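A.B. asks:
Residue numbers (UniProt numbering): 1 to 223.
(1) Touching or not, the segment 120-136 and the segment 171-188, by the rule of three or more beta carbon pairs under 8 Å?
(2) I'd like the ranges of any alpha helix (DSSP H) spanning at least 4 consecutive residues and lying wholly in the segment 151-211.
(3) Helix, strand or coil for residue 118 per DSSP?
(4) Starting from the N-terminal side, write out each stretch of the alpha helix (DSSP H) that is 4 residues or longer and does not extend beyond the segment 124-153.
(5) Locate the alpha helix (DSSP H) running through residue 18, then write down its first and last residues.
(6) Tell me which residues share the same chain as residue 76 and place their Cβ nearer than 6 Å to its Cβ, disregarding the 5 neighbours each side in the sequence.
(7) Around the C-beta of residue 194, are 16 or more other C-beta atoms found within 10 angstroms, so that it is buried, or is it exposed?
(8) Alpha helix (DSSP H) containing residue 89: first to last residue?
(9) When the Cα atoms are used, what is the spatial distance from residue 68 to residue 149?
(10) Taking the Cβ atom as the reference point for each residue, do residue 122 and residue 20 lie within a distance shorter than 8 Å?
(11) Helix, strand or coil, according to DSSP, for residue 58 in the structure here?
(12) Whole-angstrom Cβ separation of residue 95 and residue 74, contact assumed at under 8 Å?
(13) Can you give the beta carbon distance from residue 27 to residue 18, rounded, assuming they're within the 8 Å contact cut?
(14) What residue range does the alpha helix (DSSP H) around residue 31 cover?
(15) Which value, in whole angstroms, describes the spacing of the CA atoms of residue 42 and residue 175?
(16) If you draw a straight line from the C-alpha of residue 87 to the C-alpha of residue 151, how long is it?
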């Protein structure tokens with residue numbers, strides 16, 4: 001099967017699987033990350049099929065919607081890719097992207113481990129594309145959409161952001177949405193892997209800073 005057919009079938013599978021998904025993690029999120037990925041990939045020597053499939057399948061079963069189970073997404077992706085007879089080496093690389101793409105994967109774990117984390121240029125490109133969708137205007141909209149979905153407070157001045165969370169603490173957090181800016185979103189600019197990704201992240205980061213300033217002014221009755 002040629003790559004274009006594999007990608008087309010994957011898009012159909014992902015659209016169907018994510019019907020009715022939470023608005024910040026639906027097909028349109030996947031489509032934006034896919035488009036970001038292919039844009040960034042133009043400047044990098046990557047396997048085009050791996051980054052395309054990694055982008056399309058990276059949130060096929062986000063653990064936060066499966067009681068924290070991080071094995072569901074990789075298994076769903078593996079089963080699907082095998083069903084359309086994708087090469088096993090490609091599948092293995094795509095699954096490793098899914099397993100390592102998230103922000104929480106960069107946080108320290110409660111039980112010490114010496115395992116060396118997986119990395120590849122393909123992972124770095126898809127990770128940057130995903131992080132770009134978590135910041136800027138879209139990132140703000142996604143944060144509050146998810147906060148509403150989980151019935152969280154928008155902001156509570158009495159609850160300070162936790163800037164030293166472990167992976168498990170991050171997964172269990174029920175903090176107000178504004179805290180999420182300090183615990184993740186504002187950190188992403190300096191975690192970009194590629195030059196192209198870092199350049200695009202800069203403007204989106206500044207947009208979030210301006211939003212927060214406006215938010216606090218309105219909250220405190222200054223405007």
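For glycine and all other residues, C-beta sits at the position ideal for the given N, C-alpha and C. Computed from a predicted structure; not experimentally measured.
C.D. replies: Reading off the structure:
(1) Yes, the segment 120-136 touches the segment 171-188.
(2) 167-172, 177-183
(3) DSSP places residue 118 in coil when its eight states are reduced to three.
(4) 136-149
(5) For residue 18, there is no enclosing alpha helix (DSSP H), as DSSP marks it with neither H nor E.
(6) 60, 61
(7) Taking all protein chains shown into account, residue 194 has 16 or more neighbouring C-beta atoms within 10 Å of its C-beta and is therefore buried.
(8) 88-100
(9) 16 Å
(10) no
(11) coil
(12) 5 Å
(13) 5 Å
(14) That run of the alpha helix (DSSP H) goes 27-41.
(15) 38 Å
(16) 42 Å
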